[in-house]
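Residue numbers (the numbering used here): 37 to 358. Okay, so here's the structure we're looking at.
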Ligand SMILES: NC(=O)c1ccc[n+]([C@@H]2O[C@H](COP(=O)([O-])OP(=O)(O)OC[C@H]3O[C@@H](n4cnc5c(N)ncnc54)[C@H](O)[C@@H]3O)[C@@H](O)[C@H]2O)c1
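What follows is the structure in structure tokens.
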């Protein structure tokens, strides 16, 4: 029941930032895509933006001709039309339990008996909004990073009632469209990515709060230090390579340092208004609020160049292995 039919239709429900990014992922891989949004006109606007993004991707050497990719994407006028014959639904509506719960009720009423449903939820487990629906064994969280067509990771998180075959089938689908799935064995708020990011952010706020460093220098420490390696290896591989005897040697040499830091910072921190205002003021000195969108576009261009570089390096590694 849970095998996804090759190149069948994918329905994107909610066509904001993330939904429109997902449309590019599936259409680029040859899947027909139907867009549906509750706000009239929103899916049409998303399709126009997708066209612009595809041109950017072509310029960056990451996709071919945008026309056939865009031609695979249609705008549906109702949820029923979007879900007709869909093999997979990528729910990408607001991060609110009430909105996702009500939408799941609507999806349940019209979804096909074999269709799988992934939610883009950033941190809310599927158990919070799928308990009441008949299709719940075919539901899970498939959490992307924005924009999903440039950042391939997708976190697959089952609810207690998600069938194991659902996870396996969505994993295969994600691999088929070029994403890089990771799995959690059970729900934990924030999943893997935002739990990791949360720890780093908590310490970043703390360093500013205690007057130990500026927001600018903390950002620089990541962009010009830690983050350089993170584009191609994670924290465990990093420390495995940072001691002559590997990860166990690293733990022996530096474990005490990290234990002392953890012991000195274990109290819960509040991101209070005063602290937020302090960091906001430091950020606005470097980037005016009006310049946020253009800086976001700059980030996406840098991400495209990085994605191209990673593709080329992966291909070179493959050739070297042959
Ligand atoms: N923005 C990010 O960086 C990011 C990254 C990963 C995951 N997510 C998650 O993806 C989801 C979508 O986030 P976003 O940033 O794209 O939000 P967004 O506000 O840009 O888009 C949400 C869209 O959903 C539509 N919508 C709301 N209720 C609907 C309904 N009942 N039926 C159909 N459409 C409906 C809205 O009209 C809107 O167009 C959230 O769960 C979010 O947490 C966001």
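C-beta: ideal position from N, C-alpha, C; glycine also.
Self-check item: DSSP state of residue 179 mapped onto helix, strand, coil
Solution: Translated into the one-based positions of the chain shown, residue 179 becomes position 143. Strand at residue 179.
For residue 328, is the classification buried or exposed, using 16 other Cβ atoms within 10 angstroms of its Cβ as the cut-off for buried?
One-based indexing of the chain shown puts residue 328 at position 292. When all chains shown are included, residue 328 counts as exposed.
Q. Out of curiosity, what's the CA-to-CA distance linking residue 78 and residue 68?
A. Here the question's residue 78 lines up with position 42 in the chain shown. Here the question's residue 68 lines up with position 32 in the chain shown. About 19 Å.
DSSP has residue 194 in a bridge; who is on the other side? Taking the first residue of the chain shown as 1, we reach residue 194 at position 158. Residue 194 is bridged to 176.
Best match in 201, 64, 212, 334 for proximity to residue 100 [C-alpha to C-alpha]:
As a position in the chain shown, residue 100 is number 64, starting the count at 1. Distance from the Cα of residue 100 is smallest, within the candidate group 201, 64, 212, 334, for 64.
From residue 94 to residue 340, what does the alpha carbon distance come to, in whole angstroms?
Position 58 of the chain shown holds residue 94. Position 304 of the chain shown holds residue 340. C-alpha separation (whole angstroms): 10 Å.
| task | Give, in chain order, every unbroken run of the alpha helix (DSSP H) that is at least 4 residues long and sits entirely within the stretch 298-347. | result | 309-322
Residue 245 (DSSP reduced to helix, strand or coil):
Stepping through the chain shown from its first residue, residue 245 is reached at position 209. Looking at residue 245 - three-state DSSP - the assignment turns out to be helix.
*Would you mind sorting residue 62 into buried or exposed? The rule is 16 or more other CB atoms within 10 Å of its CB.*
Stepping through the chain shown from its first residue, residue 62 is reached at position 26. Classification of residue 62: buried, given that the 10 Å Cβ count is 16 or more.
| message | Which residue marks the beginning of the alpha helix (DSSP H) containing residue 83, and which one marks its end? | response | Against the chain shown, residue 83 aligns to sequence position 47. Membership of residue 83 in the alpha helix (DSSP H) is indicated by the continuous run 78-95.
Query raised in the report: For residue 128, is the beta carbon positioned less than 6 Å from some heavy atom of ligand 1?
Result: On the chain shown, residue 128 is found 92 positions in, with the first residue counted as 1. Yes - ligand 1 has a heavy atom lying nearer than 6 Å to the Cβ of residue 128.
Worksheet entry | Pairwise C-alpha distance: residue 211 and residue 153 | Indexing the chain shown from 1 puts residue 153 at position 117. Indexing the chain shown from 1 puts residue 211 at position 175. Spanning the two alpha carbons is a distance of roughly 16 Å.
* Asked: What whole-angstrom Cβ distance do residue 106 and residue 85 have, given they're in contact under 8 Å?
  -> Here residue 106 is taken as the residue at index 70 of the chain shown, counted from 1. Here residue 85 is taken as the residue at index 49 of the chain shown, counted from 1. Actually they do not touch by this definition, with Cβ atoms about 11 Å apart.
Range covered by the alpha helix (DSSP H) that runs through residue 133
Counting from 1 along the chain shown, the entry for residue 133 is found at position 97. 133-146 is the span of the alpha helix (DSSP H), which, as asked, contains residue 133.
Apart from the five residues on each side of it in sequence, which residues of its chain come closer than 7 Å, Cβ to Cβ, to residue 133? For the purposes of this step, residue 133 is identified with residue 97 of the chain shown, where counting begins at 1. Sequence-distant partners of residue 133 (beyond 5 residues in either direction) whose C-beta falls short of 7 Å from its own C-beta, in its chain, are 160, 164, 165.
Kindly say whether residue 279, judged by its beta-carbon, lies nearer than 7 Å to any beta-carbon of chain D. Structure shown: chain D not included; a single protein chain is present.
Measure how close the beta-carbons of residue 83 and residue 71 come, nearest whole angstrom, since I'm counting them as under 8 Å.
-> Taking the chain shown and counting its residues from 1, one reaches residue 83 at position 47. Taking the chain shown and counting its residues from 1, one reaches residue 71 at position 35. Right, their Cβ atoms sit about 6 Å apart.
Are the beta-carbon atoms belonging to residue 128 and residue 206 less than 7 Å from one another?
As a position in the chain shown, residue 128 is number 92, starting the count at 1. As a position in the chain shown, residue 206 is number 170, starting the count at 1. In this structure, residue 206 does not lie closer than 7 Å to residue 128 by Cβ.
Which same chain residues end up closer than 6 Å to residue 57 when comparing Cβ atoms and leaving out the 5 residues on each side of it in sequence?
The residue given as residue 57 occupies position 21 in the chain shown. Closer than 6 Å at Cβ, skipping near neighbours: 183, 184, 185.
With a threshold of 6 Å on Cβ separation, who are the neighbours of residue 187 within its own chain once the five nearest residues in sequence on each side are excluded? To locate residue 187, count along the chain shown from 1; it is residue 151. Only 181 meet the Cβ criterion.
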